[in-house]
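This report refers to the structure that appears directly beneath it.
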Amino acid sequence: MTLKFDPIMGRYVHVTLQGRQHRVYFEEAGQGIPLLCLHTAGADGRQFRHMMTDSAITDHFRVIAFDLPWHGKSTPPDGWQDEAYCLTTDAYIEAIRTVRDALDLKKPVTLGCSIGGRIVLSLAMRHGEEFTALIGLDSAAYQTGWYDSSWLHRPDVHGGEICAGIVSGLIAPQSPTVNRWDTLWQYMQSGPGVFKGDIYFYRVDSDLRAELAKIDTRVCPLYLMTGEYDFSCTPEDTMQTAERVWGAEVIVMKDIGHFAMSENPLQFRRYLLPLLEKIRAKCSL
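In our numbering, the protein residues as written are 2 to 286.
Below is the structure:
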């Protein structure tokens with residue numbers, strides 16, 4: 002019997018966030034330019050496992066994905082049972098920068114999807130000089146809500162199943178069945194109220210429409226990639242955002258929905274690999 006092992010290594014790092022101790026779980030694979038990946042709302046770093054097992058990426062990039070506190074294998078802070086989880090822009094940025102510094106990642110390329118795609122815009126505004134490039138998947142300055150978020154955390158509804166049901170339509174019909182259900186499984190496993198707490202950031206605390214002019218792509222290049230089947234953050238939403246950011250580049254991905262890296266990794270790499278090669282070429286200058 003021949004055993005097969007993924008090249009992914011996982012560990013915990015202990016950090017202080019908002020004055021409290023946290024155990025943050027992260028996984029990594031590869032070597033070279035650090036590529037820090039930010040998962041979607043209510044999910045975790047497993048969404049990037051296909052990138053971490055793709056030698057075309059890992060031969061040149063050290064791919065790192067961490068689970069936000071309360072997500073995946075990252076534990077909530079002590080006393081969590083007496084509070085409601087609620088993600089804010091400031092807390093999100095603090096988590097990214099703290100984990101980056103704890104892992105000694107020098108000017109990483111940072112790629113985020115959905116809420117991760119939104120936060121890269123804030124990173125570009127506030128801390129662009131700290132990153133080599135920023136990549137937003139399904140990224141736009143603002144989207145109106147398209148479902149009632151009160152259903153996301155109720156005693157009479159299974160939170161994981163309702164979350165998976167809500168996002169299931171965001172997966173493109175061309176996405177392989179195995180990858181579709183792998184993506185939804187992570188949502189079914191989300192902790193109580195976590196998806197709802199992330200949506201607070203997305204809907205309430207991160208309307209960036211009036212601030213886009215603060216982004217300077219001469220300091221840090223900004224690339225926005227959106228799936229053509231994404232109706233949560235449509236290609237039009239992304240293009241409207243890019244029109245207000247001089248130098249931002251937009252890529253509309255065919256046959257892909259909201260979860261490019263997990264729902265259809267083979268199709269996604271057709272768009273991602275040329276972009277990573279472009280960034281790598283700039284790094285070598």
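Using N, Cα and C, we set each Cβ at its ideal position, and we do this for glycine too.
Keep in mind it's a predicted model, so treat the numbers as computed, not measured.
- DSSP places L39 outside any alpha helix (DSSP H); the residue lies instead in the beta strand (DSSP E), whose first and last residues are I34 to L39.
- Leaving aside the five residues that flank Y143 on each side, the residues in its chain whose CB is nearer than 7 Å to its CB run, in chain order, D208, L209 and R210.
- DSSP places C164 within a helical segment (H, G or I) once states are collapsed to three.
- Cβ atoms of G258 and S176 come within 8 Å of each other, at about 7 Å.
- Given a length threshold of 4 residues, the stretch 60-93 has no whole run of the alpha helix (DSSP H) inside it.
- Annotation: the continuous beta strand (DSSP E) that includes V110 extends over V110 to C114.
- If you look at I200, you'll find it isn't in any beta strand (DSSP E); it sits in the alpha helix (DSSP H) that goes V195 to R204.
- If only uninterrupted alpha helix (DSSP H) runs of at least 4 residues are considered, those enclosed by the stretch 221-251 are 236-243.
- In this structure, L112 sits away from A125, with a CB-CB distance that is not shorter than 7 Å.
- If you draw a straight line from the Cα of D238 to the Cα of D231, it comes to about 10 Å.
- By the Cβ-count criterion, T242 is buried, with 16 or more other Cβ atoms from all chains shown falling within 10 Å of its own Cβ.
- If the five residues before and after G31 are omitted, its C-beta is found closer than 6 Å to the C-beta atoms of T59, F62, R63 and V64, all from its own chain and listed in chain order.
- Assignment of V25 by DSSP, reduced to helix, strand and coil, places it in the strand class.
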